[in-house]
Amino acid sequence: EAEVAQSPRYKITEKSQAVAFWCDPISGHATLYWYRQILGQGPELLVQFQDESVVDDSQLPKDRFSAERLKGVDSTLKIQPAELGDSAMYLCASSFGLMNTEAFFGQGTRLTVV
Amino acid sequence: QKEVEQNSGPLSVPEGAIASLNCTYSDRGSQSFFWYRQYSGKSPELIMSIYSNGDKEDGRFTAQLNKASQYVSLLIRDSQPSDSATYLCAASGGAGSYQLTFGKGTKLSVIP
Chain C
4 EAEVAQSPRY
14 KITEKSQAVA
24 FWCDPISGHA
34 TLYWYRQILG
44 QGPELLVQFQ
54 DESVVDDSQL
64 PKDRFSAERL
74 KGVDSTLKIQ
84 PAELGDSAMY
94 LCASSFGLMN
104 TEAFFGQGTR
114 LTVV
Chain A
24 QKEVEQNSGP
34 LSVPEGAIAS
44 LNCTYSDRGS
54 QSFFWYRQYS
64 GKSPELIMSI
74 YSNGDKEDGR
84 FTAQLNKASQ
94 YVSLLIRDSQ
104 PSDSATYLCA
114 ASGGAGSYQL
124 TFGKGTKLSV
134 IP
């Protein structure tokens with residue numbers, strides 16, 4: 004069964020260090036989303052790609068976060084430097100297109116910043 | 024900023040009862056609506072999508088959409104303890120945005 008792949012599953016990092024997450028969407032899915040979910044809250048959109056282009060990054064803290072999807076397939080989300088408040092679940096999702104299509108999530112990366 | 028509102032709960036129902044989960048959205052131009060189920064420590068799992076006014080049924084789940092009232096609901100019939108989870112409502116489209124925006128979720132507990 005097709006699924007969104009994410010790695011690593013868990014990451015512990017010290018504050019001020021750099022950390023990166025990887026996502027491989029379902030084959031053929033042009034739209035890719037990165038979300039952050041703090042315990043007890045709903046997922047918050049960080050960045051959305053259509054192929055290799057950024058469609059929405061209005062809520063991405065650009066002073067420390069960056070995201071890329073160079074070939075329009077897999078994607079990397081980076082945090083540098085990490086802060087204690089970045090501890091959260093980072094979720095990647097993909098969908099076939101931008102409108103009226105269902106989005107499917109990967110298993111997520113649980114980040115703990117110490 | 025598009026918003027999706029849900030009652031955080033917890034909502035407790037006895038096993039076998041109907042659970043009713045509700046959601047409102049702020050962007051009248053939103054076109055697509057989704058319900059996800061999320062077990063503790065896991066990622067969200069899509070259970071229903073709905074795009075037009077009315078009801079959509081899939082097994083024990085029924086999604087209802089009323090665009091005039093900007094209201095979406097999810098009914099779970101014959102609730103089972105395995106349905107205990109947080110249910111997330113999401114909306115996309117509208118106002119020139121393709122964002123898929125989530126509510127904070129409603130925690131459902133089904134009591135055996």
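Chains as they are written, first to last, in the numbering used here: chain C, 4 to 117; chain A, 24 to 135. From the three backbone atoms N, C-alpha and C, an ideal C-beta is built for every residue, glycine too.
Partner residues on chain C for residue i, Cβ-Cβ distance less than 9 Å
{"i": "A:I54", "result": "Inspection of the sequence shows that residue 54 of chain A is occupied by Gln rather than by Ile. Near A:Q54 (Cβ distances below 9 Å), the residues of chain C are M102, N103."}
Classification of residue i by the beta-carbon crowding that lies within 10 angstroms, buried from 16 upward
{"i": "A:G39", "result": "exposed"}
{"i": "C:Y38", "result": "buried"}
{"i": "A:R51", "result": "exposed"}
{"i": "A:S107", "result": "buried"}
Between the CA atoms of residue j and residue i - distance to the nearest angstrom
{"i": "A:L105", "j": "A:Q61", "result": "First, the residue type needs correcting, since residue 105 of chain A is Ser and not Leu in the sequence shown. Cα-Cα distance, rounded: 12 Å."}
{"i": "C:S10", "j": "C:I82", "result": "15 Å"}
{"i": "A:E28", "j": "C:Y36", "result": "21 Å"}
{"i": "C:D77", "j": "C:Q44", "result": "26 Å"}
{"i": "A:G117", "j": "A:L88", "result": "16 Å"}
{"i": "C:F24", "j": "A:D101", "result": "40 Å"}
{"i": "C:T16", "j": "A:C46", "result": "37 Å"}
{"i": "A:V133", "j": "C:S19", "result": "43 Å"}
Given residue i as reference, the closest of the options once Cα atoms are compared
{"i": "A:A114", "options": "A:I99, A:I70, A:S49", "result": "A:S49"}
{"i": "A:S75", "options": "A:S102, A:F56, A:L69, A:K65", "result": "A:F56"}
{"i": "A:Q54", "options": "A:N30, A:G126, A:L98, A:S120", "result": "A:S120"}
{"i": "C:H32", "options": "C:Q20, C:L80, C:A5", "result": "C:A5"}
{"i": "A:L98", "options": "A:T85, A:K25, A:Q122", "result": "A:T85"}
{"i": "C:V7", "options": "C:S98, C:M102, C:T115, C:V116", "result": "C:S98"}
{"i": "C:V117", "options": "C:D89, C:Q110, C:L94, C:F108", "result": "C:D89"}
{"i": "A:L111", "options": "C:G100, C:V58, C:E47", "result": "C:E47"}
{"i": "C:A21", "options": "C:D66, C:T104, C:E105, C:A96", "result": "C:D66"}
{"i": "C:L87", "options": "C:L114, C:I29, C:P28", "result": "C:L114"}
Partner residues on chain A for residue i, Cβ-Cβ distance less than 8 Å
{"i": "C:Y93", "result": "The contacting residues do not exist; C:Y93 stays about 10 Å from chain A at best."}
{"i": "C:D54", "result": "Result: empty, since nearest Cβ-Cβ is about 13 Å, beyond 8 Å."}
{"i": "C:Y36", "result": "L123"}
Interface residues of chain A facing residue i [CB-CB closer than 7 Å]
{"i": "C:G109", "result": "S66"}
{"i": "C:V57", "result": "Correct list: empty, because the minimum Cβ distance to chain A is about 11 Å."}
Where residue i meets chain C, residues with beta-carbon distance less than 8 Å
{"i": "A:L88", "result": "Residues of chain C passing the Cβ test: none, with the nearest at roughly 13 Å."}
Residue-level contact to chain E via CB, residue i, 8 Å cutoff
{"i": "C:P46", "result": "No chain E appears in the structure shown, which is made up of the protein chains C and A."}
Within chain A, partners of residue i - CB distance below 9 Å
{"i": "C:Q51", "result": "Y121, Q122, L123"}
| Which residue spans inside the stretch 87 to 111 of chain C form an unbroken beta strand (DSSP E) run of at least 3? | If we require 3 residues or more, the beta strand (DSSP E) runs fully inside the stretch 87 to 111 of chain C come out as 91 to 98.
| Can you give, in chain order, each stretch of the beta strand (DSSP E) that sits fully within the stretch 50 to 116 of chain A and has at least 3 residues? | If we require 3 residues or more, the beta strand (DSSP E) runs fully inside the stretch 50 to 116 of chain A come out as 55 to 61, 68 to 73, 77 to 81, 84 to 89, 94 to 99, 108 to 115.
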